[in-house]
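Single-structure report; data block below.
Okay, structure coming up:
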């Protein structure tokens, strides 16, 4: 598959299959690869300077440590992913790095502009995940305000909620972090 044809929607069955099989890289192996890559990133770092972390958010353990999150999640999204997990919501993908600026590589068909994203398993009979009524209303509001969109996987009969924040070259990690935290703050414990 060519890079410009790659989408997360195409990868969802593979990612979820790997999660179900328990195929997770050892944190110690990943640590060597990523220890220094995000050590220099601060809230003032522009997204165009943030390297990607290729592994999926979906490989996080059920109760990930700070260290595990820092190795698998890009700096601008770490606090949002932590909060989602605290709320009982299951993130399976996230991205806030320089590759998200490339319009030829949009990771979601629904995106019309470069964006930082967090994908959440929203309604899944396979994973026994179903949103609360209150969180469903919040998600509908976010979709109505163009801060999120739903993706349906008909094979697994699952629905995913993808939170998004538009990005440009000079947007900083801190601006993305604050925006995503603001979106996540609307949700309640599931």
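Numbering (my numbering), first residue to last: 15 to 204.
Just so you know, even glycine gets a beta-carbon here, dropped at the ideal spot from N, CA and C.
The C-beta distance from residue 176 to residue 131 rounds to 6 Å, short enough to fall under 8 Å.
Here DSSP, grouped into helix, strand and coil, assigns residue 167 to strand.
Residue 59 sits in coil when the DSSP states are folded into three classes, being neither helix nor strand. Cα atoms of residue 83 and residue 96: separation of roughly 8 Å, rounded to the nearest angstrom. Around the C-beta of residue 128, 16 or more other C-beta atoms lie within 10 Å, and the residue is accordingly described as buried. Of the other Cβ atoms in all chains shown, fewer than 16 fall within 10 Å of the Cβ of residue 68; this residue is therefore exposed.
The closest CA to that of residue 110, considering only 203, 194, 199, 202, is found on 194.
When DSSP states are grouped into helix, strand and coil, residue 137 belongs to the strand group.
Inter-segment contact for the stretch 179-192 and the stretch 146-157 is absent: fewer than three beta-carbon pairs are separated by less than 8 Å.
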